[in-house]
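Written out below as C-alpha coordinates is the structure these notes cover.
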Amino acid sequence: MNNVFSFFEEVPVGAASIAQAHRAVLRKRNNEEIDVDNEEVIVKIQYPEVADFFRKDFNNIELATKLMFPDNLKIVKSLRKRHKNELDFRIEADNLQE
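This is how it looks when you write it as C-alpha coordinates:
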(Lines of atoms letter the chains of each structure in order from A and count residues from 1; the text may use other names and numbers.)
(Lines give C-alpha, C1' and ligand atoms only; values in the text may rest on other atoms or scores of the structure.)
Protein backbone atom coordinates (compact mmCIF):
# COMPACT_ATOMS: atom_id res chain seq x y z
CA MET A 1 0.00 0.00 0.00
CA ASN A 2 2.93 2.32 0.62
CA ASN A 3 3.81 2.23 -3.06
CA VAL A 4 0.36 3.66 -3.93
CA PHE A 5 -0.29 6.08 -1.08
CA SER A 6 2.02 8.47 0.74
CA PHE A 7 -0.68 8.80 3.41
CA PHE A 8 -3.61 6.57 4.32
CA GLU A 9 -5.92 7.38 7.21
CA GLU A 10 -6.75 4.13 8.96
CA VAL A 11 -9.83 5.50 10.72
CA PRO A 12 -12.65 5.69 8.16
CA VAL A 13 -14.28 9.05 7.44
CA GLY A 14 -17.51 7.23 6.68
CA ALA A 15 -19.03 3.78 6.68
CA ALA A 16 -22.12 2.16 5.21
CA SER A 17 -23.55 -1.33 4.85
CA ILE A 18 -21.14 -2.56 2.17
CA ALA A 19 -18.02 -0.41 2.52
CA GLN A 20 -16.11 2.26 4.37
CA ALA A 21 -14.25 5.32 3.08
CA HIS A 22 -10.76 6.49 4.01
CA ARG A 23 -8.80 9.65 3.24
CA ALA A 24 -5.53 9.08 1.41
CA VAL A 25 -2.87 10.84 -0.63
CA LEU A 26 -1.62 9.30 -3.85
CA ARG A 27 2.08 8.75 -4.36
CA LYS A 28 3.51 9.37 -7.82
CA ARG A 29 4.73 6.20 -9.46
CA ASN A 30 7.72 6.43 -11.77
CA ASN A 31 6.07 4.50 -14.58
CA GLU A 32 2.98 6.75 -14.66
CA GLU A 33 2.57 9.34 -17.40
CA ILE A 34 0.08 11.35 -15.36
CA ASP A 35 1.45 13.31 -12.43
CA VAL A 36 -0.87 12.62 -9.50
CA ASP A 37 1.69 13.13 -6.75
CA ASN A 38 0.10 14.38 -3.54
CA GLU A 39 -3.45 14.23 -4.88
CA GLU A 40 -5.91 13.79 -2.02
CA VAL A 41 -8.42 11.01 -2.63
CA ILE A 42 -11.09 9.00 -0.88
CA VAL A 43 -10.54 5.26 -0.95
CA LYS A 44 -13.67 3.14 -0.70
CA ILE A 45 -13.01 -0.30 0.76
CA GLN A 46 -15.62 -3.02 0.56
CA TYR A 47 -16.08 -5.25 3.59
CA PRO A 48 -14.56 -8.66 2.73
CA GLU A 49 -17.70 -10.73 3.29
CA VAL A 50 -20.16 -8.52 1.41
CA ALA A 51 -19.86 -10.03 -2.08
CA ASP A 52 -20.24 -13.55 -0.73
CA PHE A 53 -23.29 -12.57 1.36
CA PHE A 54 -24.96 -10.97 -1.67
CA ARG A 55 -24.26 -14.03 -3.82
CA LYS A 56 -25.69 -16.43 -1.21
CA ASP A 57 -28.71 -14.21 -0.54
CA PHE A 58 -29.57 -13.95 -4.23
CA ASN A 59 -29.11 -17.70 -4.70
CA ASN A 60 -31.71 -18.23 -1.98
CA ILE A 61 -34.03 -15.54 -3.35
CA GLU A 62 -33.81 -17.05 -6.84
CA LEU A 63 -34.55 -20.53 -5.52
CA ALA A 64 -37.56 -19.33 -3.51
CA THR A 65 -38.83 -17.33 -6.49
CA LYS A 66 -38.50 -20.34 -8.83
CA LEU A 67 -40.53 -22.44 -6.41
CA MET A 68 -43.21 -19.94 -5.39
CA PHE A 69 -43.35 -17.16 -8.00
CA PRO A 70 -41.67 -18.41 -11.20
CA ASP A 71 -43.18 -15.57 -13.23
CA ASN A 72 -41.06 -13.11 -11.20
CA LEU A 73 -37.72 -14.81 -11.85
CA LYS A 74 -36.75 -12.28 -14.51
CA ILE A 75 -37.16 -9.45 -11.96
CA VAL A 76 -34.95 -11.24 -9.42
CA LYS A 77 -32.24 -11.84 -12.03
CA SER A 78 -32.36 -8.16 -12.96
CA LEU A 79 -32.01 -7.18 -9.29
CA ARG A 80 -29.07 -9.57 -8.92
CA LYS A 81 -27.29 -7.92 -11.84
CA ARG A 82 -27.94 -4.43 -10.47
CA HIS A 83 -26.64 -5.35 -7.00
CA LYS A 84 -23.62 -7.08 -8.51
CA ASN A 85 -22.81 -3.83 -10.32
CA GLU A 86 -23.18 -1.93 -7.04
CA LEU A 87 -20.44 -4.11 -5.58
CA ASP A 88 -18.03 -3.26 -8.43
CA PHE A 89 -16.49 0.05 -7.40
CA ARG A 90 -14.75 0.32 -10.80
CA ILE A 91 -18.18 0.95 -12.35
CA GLU A 92 -18.85 3.65 -9.77
CA ALA A 93 -15.46 5.24 -10.48
CA ASP A 94 -16.14 5.21 -14.23
CA ASN A 95 -19.50 6.91 -13.63
CA LEU A 96 -17.83 9.61 -11.52
CA GLN A 97 -15.39 10.38 -14.32
CA GLU A 98 -18.12 10.86 -16.95
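The sequence shown begins at 1 in my numbering and counts up one residue at a time. Quick reminder that beta carbons are idealized off the backbone N, C-alpha and C, glycines included. These figures come from a predicted structure and were not determined experimentally.
Worksheet entry | Between the CA atoms of F54 and N2 - distance to the nearest angstrom | 31 Å
Worksheet item: E40 and V25 look like a contact to me (Cβ under 8 Å); what is the Cβ gap, rounded to whole Å?
Response: 6 Å
Fill in: Those residues which DSSP pairs with F89 across a bridge
Note: F89 sits in no beta bridge, so no partner.
Worksheet entry | Helix, strand or coil at F7 according to DSSP, with G and I counted as helix | strand
Worksheet entry | Same chain only: Cβ atoms within 7 Å of F5, ignoring 5 sequence neighbours per side | A24, V25, L26 and R27
Worksheet entry | Distance CB(N72)-CB(T65) smaller than 8 Å | yes
Worksheet item: Roughly how many angstroms lie between the CA atoms of K74 and N38, to the nearest whole one?
Response: 47 Å
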